[in-house]
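Asks:
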Amino acid sequence: MQNPYLDGNFAPVELESTVNELKVTGHIPQELTGQLLRIGPNPIKPDPATHHWFLGTGMVHGLQLRDGKAQWYRNRFVRDDDLVEEKGWPSVAGPKNELQLGGGLANTNIIYHAGKRLAVVEGGNLPVELDCSLETVTRTNFAGTLPGGLSAHPHLDADSGELHAAVYSPLWDYVQHVVIGAQGDVIRAENISVPGQPMVHDCMITQNYFIVLDLPVTLSMEAAEQGAPLPYHWNPNHNARVGLLPRRGSAQDISWHEVDPCYVFHPMNGYEDSQGRVVLDVVRHPRMFASDTLGPNEGTATLDRWIIDRDKTKVCESRLDDEGQEFPRISECLTGKPYRYGYCVTLGAGFSVGGLIKHDLQAARKQTYSEGAARMFLEPVFVPKPGATAEDDGWLMAFVYDSESNTSDVVILEAADIETGPIATIHLPVRVPFGFHGNWVPAID
Ligand SMILES: [Fe+2]
């Protein structure tokens, strides 16, 4: 049976490689010293009949830049128990949770916090620490301070250095607000009762609130009993709502606000306006895992604005952009704060990625940048320039897959004007599968 999530650039790559000689077109900025990392699933022996895109051993891909040069590209498996057994490799160090998805895989995001590179995933698995060469070091529960698993989308409060995450597990009837301090230990874990076991992929913060997305994709016991590897399906009987939890409040302090049924993997950002209302910009899918239960493929994902008033039961919804798009990013020092610019990839039917979009939300304008249908951009990452004062004074970096050459590049654009095209393109001799998320790590080996 054919599975679209194993075809083309969704397909896993077999080899770990290290490439020290990389061809560059243009000039890499001298100030860009660090590593551009990204991650995705790279399943070892997937069953095409049941394989879900979100599953499979993680693989991290990294590009190290220094002094205007591309020093290396390398890709490494993020080791889990199933992988090391299959390969005959040494066991993975560190603690192990009671319920591990896929042998403790970590395949959805790679973040850098308190000096550590962490591969992370939702649903109950522990983070996996990698070293600066992207080799697996250990699973970690932050010196025993993490009660369960983590999330693929912790968000950094740039003022406090704290990471905020919404953690869920198929074993829990609650969503946990986890805060990891700047030193890398969990300093808060508050259980919010949420019946129905929804899939909670992401979250957001504002100055005063932690935002919980309780949307109608829920654990299906029927699908689980039938052996679905990821038994979370669209559930029209589950109410769609958004919760505002005061950041240091107890679970009873949360207020819930209704939205029209939909699914949101990723907010772009959230903030409080002058009237104290929460403004939440989201990439909104009309449904999720309803007709296609193997990957996200339920119609156009739009950029929407939700305005949430603590005194009102309904969220005020409006559409900012009806073009299909996903993987929203911003200048992350503004997470939770008023902001002007956001960056996405365009998204067509069947989760087909294309070019880049830069939104100017203040002027209600956008720029787009494409290199043609054969070149497919993955999630962009914004890196501010040293000493920047303008919000978009920085670089936008993205991996691009070229379907004609079957290889990938990394493109660096001036974020202030993406339409002028790349200032540098670093050519890789291999392809980087579509995967999910990544970040710029301003530290090197
Ligand atoms: Fe995500």
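For the sequence shown, counting from 1, position 1 maps to 588 in this note's numbering; every step adds exactly one. Where is the CB? At the ideal position from N, CA and C, for every residue including glycine.
I want to check one thing, is the minimum distance from the CB of Phe852 to the heavy atoms of ligand 1 below 6 Å?
Replies: The answer is yes for Phe852.
Asks: According to DSSP, simplified to helix, strand and coil, what is Tyr956?
Replies: In the structure shown, Tyr956 sits in a strand (DSSP, three-state: E or B).
Asks: Quick check on the DSSP output: what are the complete alpha helix (DSSP H) runs of length 4 or more inside the region 603 to 628, in order along the chain?
Replies: You should have found no qualifying run.
Asks: In this structure, does DSSP put Asp801 in helix, strand or coil?
Replies: If DSSP states are grouped into helix, strand and coil, Asp801 belongs with the strands.
Asks: Name, in chain order, the residues that DSSP records as bridge partners for Val766.
Replies: Answer is His751 and Arg775, bridged to Val766.
Asks: Just how far apart, CA to CA, sit Phe938 and Asn662?
Replies: Straight-line Cα distance between these residues: approximately 24 Å.
Asks: Excluding the 5 residues preceding and the 5 following His1014 in the sequence, name in chain order all residues of the same chain whose CB lies nearer than 6 Å to its CB.
Replies: Lys610 and Asp996, listed in sequence order.
Asks: Give the single residue among Leu800, Cys920 and Thr695 whose Cα lies nearest to the Cα of Val870.
Replies: Closest option to Val870, Cα to Cα, is Leu800.
Asks: Taking the straight line between their C-alpha atoms, what separation do you get for Arg897 and Trp1027?
Replies: Each residue's Cα considered, the two are about 35 Å apart.
Asks: Among Gly941, Pro1016, Gly771 and Asp789, which residue has its Cα nearest to the Cα of Ala961?
Replies: If we check each option's Cα against that of Ala961, Gly941 comes out closest.
Asks: Taking the Cβ atom as the reference point for each residue, do Trp893 and Leu867 lie within a distance shorter than 7 Å?
Replies: For Trp893 and Leu867, yes; Cβs fall inside 7 Å.
Asks: Between Ala657, Pro682, Gly655 and Lys656, which lies nearest to Asp668 when the distance is taken from Cα to Cα?
Replies: When each option's Cα is compared against that of Asp668, the closest is Pro682.
Asks: Could you tell me whether the Cβ atoms of Pro818 and Ala827 are closer together than 7 Å?
Replies: No, these two residues do not count as a Cβ contact at 7 Å.
Asks: Does the beta-carbon distance from Asp772 to Thr732 come in below 7 Å?
Replies: Yes, they are a contact pair.
Asks: For Val671, collect the residues of the same chain with a Cβ closer than 7 Å to its Cβ; drop the 5 residues on either side in sequence, then sort them by chain order.
Replies: The answer, listed in chain order, is Pro677, Ser678 and Val679.
Asks: Indicate whether Glu958 and Thr900 have their beta-carbon atoms separated by less than 7 Å.
Replies: Not a contact, by the Cβ cut-off of 7 Å.
Asks: Comparing alpha-carbon positions, which option in Lys674, Val647 and Gly1008 lies nearest Gly627?
Replies: Closest by alpha carbon: Val647.
Asks: Tell me which same chain residues have a C-beta within less than 6 Å of the C-beta of Ala739, skipping the five on either side of it?
Replies: Counting only Cβ-Cβ distances below 6 Å, and skipping sequence neighbours, we find Thr695, Asn696, Val707, Val708 and Glu709.
Asks: Starting from the Cα of Tyr928, find the closest Cα among Gln839, Thr605, Cys849 and Phe969 and give me that residue.
Replies: Considering only alpha carbons, the answer is Phe969.
Asks: Would you call Gln839 buried or exposed, if buried means 16 or more other Cβ atoms sit within 10 Å of its Cβ?
Replies: Exposed.
Asks: Under 7 Å Cβ to Cβ from Pro925, same chain only, skipping five residues before and after it: list those, please.
Replies: Closer than 7 Å at the Cβ level, and outside the excluded window around Pro925, lie Tyr858.
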